[in-house]
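Residue numbers (my numbering): 323 to 616.
We put the beta carbon where it would ideally sit given N, CA and C, even for glycine.
Report on one structure; see the data block that follows.
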């Protein structure tokens, strides 16, 4: 069986489509207020979406890269660490140490507490776009791909031809590692690796990373589990396909593909939301060579 991450990449490369029930009100944002010569991270400008606040940083200002920053939304309060390989970092030493000897192109670590109990089958992570893609797939492919994708990756939602395109999967089944801890015992998110730690909370049936990802990547099975408000959750995700520094994606059998023209005049996104559209976190990634001006 293909992993969710592998199938995710292949579907984008082939412009495949699967529709799913998902409600969102993803807001379009204009380009960065700063001129590109003023961007602190050279090739990219990463800012918070309108439904998430970053402590000490205005809505039109860039968030740090390579060092943690505090965030809060209506559903979640915590800390995020972003690392992009081909981008200037605010902590060059740890940036070099993390990527050296690895094929990884990006890293996202999200740690914090949910503000209310939320089913694990209700929280999705991935890319959501406020506008239609410039290169949308033929709608006729929908019926066939809906059946195929549902069998291979039940928790994966791929919708590339609607007014609000999205490629998202269940957060609990997508993260490379996940840790659930009592306050004060949570892992240091600046470390190169975060150990899997879910067995004591979720049970031994999903004690390992592979079992947890397979089990909680299935919506019906994930519905039996819940994010509580007492624990500190840490989600560690990395990718060796998406290069945010270059705005490209490495696709098996295709090579490196420039995706900026395919999405049109809007940013890439790193987003986690519920099925009702409530935000866990929302980050917009603008690229220097992308014509985002509306």
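| Check | Outcome |
| --- | --- |
| Reduced DSSP secondary structure (H/G/I, E/B, other) of residue 483 | coil |
| Same chain only: Cβ atoms within 6 Å of residue 489, ignoring 5 sequence neighbours per side | 448, 449 and 480 |
| Exposure of residue 513, with buried meaning 16 or more beta-carbon neighbours within 10 Å | exposed |
| CA nearest to the CA of residue 500, picked from 482, 409, 558 and 589 | 558 |
| Supposed close pair residue 491, residue 442 - CB separation, criterion 8 Å | Contact doesn't hold; Cβ gap of about 12 Å is too wide. |
| Beta bridge counterpart(s) of residue 375 as assigned by DSSP | 394 |
| Environment of residue 575 [buried if 16+ CB atoms lie within 10 Å] | exposed |
| Residue 600 to residue 451 span [Cα, whole Å] | 15 Å |
| Burial state of residue 431 (16 or more Cβ within 10 Å) | buried |
| Cβ pair residue 350, residue 588 closer than 8 Å | yes |
| Cβ contact (3+ pairs, closer than 8 Å) linking the region 431-440 and the region 524-535 | no |
| Contact the region 353-363 vs the region 373-385: 3+ CB pairs below 8 Å | yes |
| DSSP three-state assignment for residue 449, whether helix, strand or coil | strand |
| Cβ-based neighbour list, residue 455, same chain, cut-off 7 Å, excluding 5 preceding and 5 following | 482, 487, 584, 585 and 586 |
| Residue 377 burial status per 10 Å Cβ neighbour count (16 or more: buried) | exposed |
| Candidates 370, 387, 403 and 541, of which the one nearest residue 516 by Cα | 403 |
| Residue closest to residue 618, alpha-carbon to alpha-carbon, out of 396, 397 and 401 | Residue 618 lies beyond the residue range present for the chain, which begins at 323 and ends at 616; the question has no answer from this structure. |
| Residue 408 beta carbon less than 8 Å from that of residue 568 | yes |
| Neighbour-count burial assignment, residue 504, 16 or more Cβ in a 10 Å radius | exposed |
| Exposed unless 16 or more other CB atoms sit within 10 angstroms - verdict on residue 415 | exposed |
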